[in-house]
Amino acid sequence: MAKTKLTKNGQELAEALTDVLNDVTGAAPLKGRSIDVPDVVDVRAIRQSVGMSQQAFADTFGLKVASVRNWEQGRTEPEGPAKVLLTIISRRPNEALEALYVR
Numbered sequence: 008m009a010k011t012k013l014t015k016n017g018q019e020l021a022e023a024l025t026d027v028l029n030d031v032t033g034a035a036p037l038k039g040r041s042i043d044v045p046d047v048v049d050v051r052a053i054r055q056s057v058g059m060s061q062q063a064f065a066d067t068f069g070l071k072v073a074s075v076r077n078w079e080q081g082r083t084e085p086e087g088p089a090k091v092l093l094t095i096i097s098r099r100p101n102e103a104l105e106a107l108y109v110r
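In the numbering used here, the protein residues as written are 8 to 110.
As structure tokens, this is what we get:
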């Protein structure tokens, strides 16, 4: 996948995801925040809520379409950064999309 220049919002989202990942792995705990990433995410429901095909969803969010299919069919479950990203998309779909689009 080609590297894309991030918008200001996209850069802020990327930095926030890095902060969350560092917190989850114990590398650098977040200060004064409580992170709530669910144990299970419904990938199909999240994808459908943004009105995308599996391929479009994977392309838009930098995921492998095979992973999206496997998650939706229950063969595997998203882990780590993928689960965090999916949680963000499920809770703030418009902001997640806006953060990725270059103006």
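All C-beta atoms in this analysis are idealised placements derived from N, C-alpha and C, irrespective of residue type, glycine included.
Keep in mind it's a predicted model, so treat the numbers as computed, not measured.
- Scanning its chain for C-beta atoms nearer than 6 Å, with the 5 sequence neighbours on each side dropped, one finds around V72 the residues Q61, Q62 and A65, in chain order.
- Rounded to whole angstroms, the gap between the alpha carbons of L104 and V50 is 16 Å.
- Only buried fits T94, as 16 or more other CB atoms lie within 10 angstroms of its CB.
- The beta carbon of P45 lies closer than 7 Å to those of T94 in the same chain, with the five residues before and after it left out.
- Taking one beta carbon from each stretch, the segment 25 to 32 and the segment 79 to 93 have 3 or more pairs nearer than 8 Å; the two touch.
- Just measuring C-alpha positions, the residue of E102, P100 and V47 sitting nearest E79 is V47.
- Under the three-state reduction of DSSP, R99 is assigned to coil, being neither helix nor strand.
- CA-to-CA, the gap between A52 and N101 works out to about 15 Å.
- One Cα belongs to D26, the other to A106, and the distance between them is close to 16 Å.
- Straight-line measurement puts the Cα of G39 at about 30 Å from the Cα of L70.
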